[in-house]
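21 is the number of the first residue of the sequence shown in the numbering used here; add one for each residue after it. Every residue, glycine too, gets a C-beta built ideally from N, C-alpha and C.
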Amino acid sequence: MKAHVSSILLGVRDMDRAKRFYTEGLGWKIKNDYGVSVFFESDGASPVGFYGREGLADQVGTSPEGSGFSGLVLTYVVRSEARVDEIMAEAEKAGAAILKPAGALPWGGYGGTFADPDGYIWSLGYSARGTDQPYAE
């Protein structure tokens, strides 16, 4: 198996709320809306989509219940500290919970984290040191 993700599906409790957060709040564009699932335009990266939490859990053979840290963090690397700050502000305005405000990171970079309305954690980051970063934008 290769170190590759074909798509990322997030199980959400309220599809309409999730769509509003990502489209109106963060400016994502919907590529396909199948009702039971939604996929966003990915700009050539692994597609990100939503599926009803209970239906997705049933599909993969697990319980939809869960609490606390799942062990999964979605990262988003940008080209400036200012862009980190902009995205953090957009997310907060859209209803995200700020887990760690943007600031200097122990390893020398700059970043912050937020949780979307379903609790999925996004880690935003920037580093002037790396020139081969997996930039999202």
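- Query: How long is the line joining the alpha carbons of Gly131 and Ser83, rounded to whole angstroms?
  - Reply: Rounded to whole angstroms, the separation of the alpha carbons of Ser83 and Gly131 is 33 angstroms.
- Can you list, in chain order, the residues of its chain whose CB lies under 6 angstroms from that of Glu112, leaving out five sequence neighbours each side? Around Glu112: Ile118.
- Message: I need the boundaries of the alpha helix (DSSP H) containing Asp53, first residue and last residue.
- Response: From DSSP, Asp53 is part of no alpha helix (DSSP H) but of the beta strand (DSSP E) over Ile50 to Asp53.
- Task: Measure from the alpha carbon of Ala160 to the alpha carbon of each residue in Leu144, Gly86 and Tyr54, then state which is nearest.
- Result: Nothing about residue 160 can be reported from this structure: the residues present for the chain run from 21 to 157 only.
- Query: Which class does Ala124 belong to by DSSP, given the choice of helix, strand or coil?
  - Reply: Ala124 carries a strand assignment under DSSP once its states are collapsed to helix, strand and coil.
- Item | Beta-carbon proximity list for Ser26, same chain, < 7 angstroms, skipping 5 on both sides | For Ser26, where only same-chain residues beyond five positions count, the Cβ hits under 7 angstroms are Ser66.
- Please name the residue in Thr151, Ser147 and Tyr140 whose C-alpha comes closest to that of Gly129. The shortest Cα separation from Gly129 among Thr151, Ser147 and Tyr140 belongs to Ser147.
- Query: Once you ignore the five residues that flank Arg73 on each side, which residues in its own chain have a CB closer than 8 angstroms to its CB?
  - Reply: So the list reads Gly31, Val32, Arg33, Pro84 and Asp138, once near-sequence residues are dropped.
- Message: Can you list, in chain order, the residues of its chain with a C-beta nearer than 7 angstroms to that of Lys51? Leave out the 5 residues immediately preceding and following it.
- Response: If we look at Lys51 and ignore the five residues flanking it on each side, its Cβ neighbours are Phe59, Phe60 and Glu61.
- Task: Keeping to the same chain, check which residues put their C-beta closer than 8 angstroms to that of Leu92; ignore five residues upstream and five downstream.
- Result: Hits under 8 angstroms: Tyr140 and Ile141.
- Task: Indicate the three-state DSSP secondary structure (helix, strand or coil) for Asp148 in the structure shown.
- Result: It is worth fixing the name first, because residue 148 is Ala in this sequence and not Asp. In this structure, Ala148 counts as coil in the three-state DSSP scheme.
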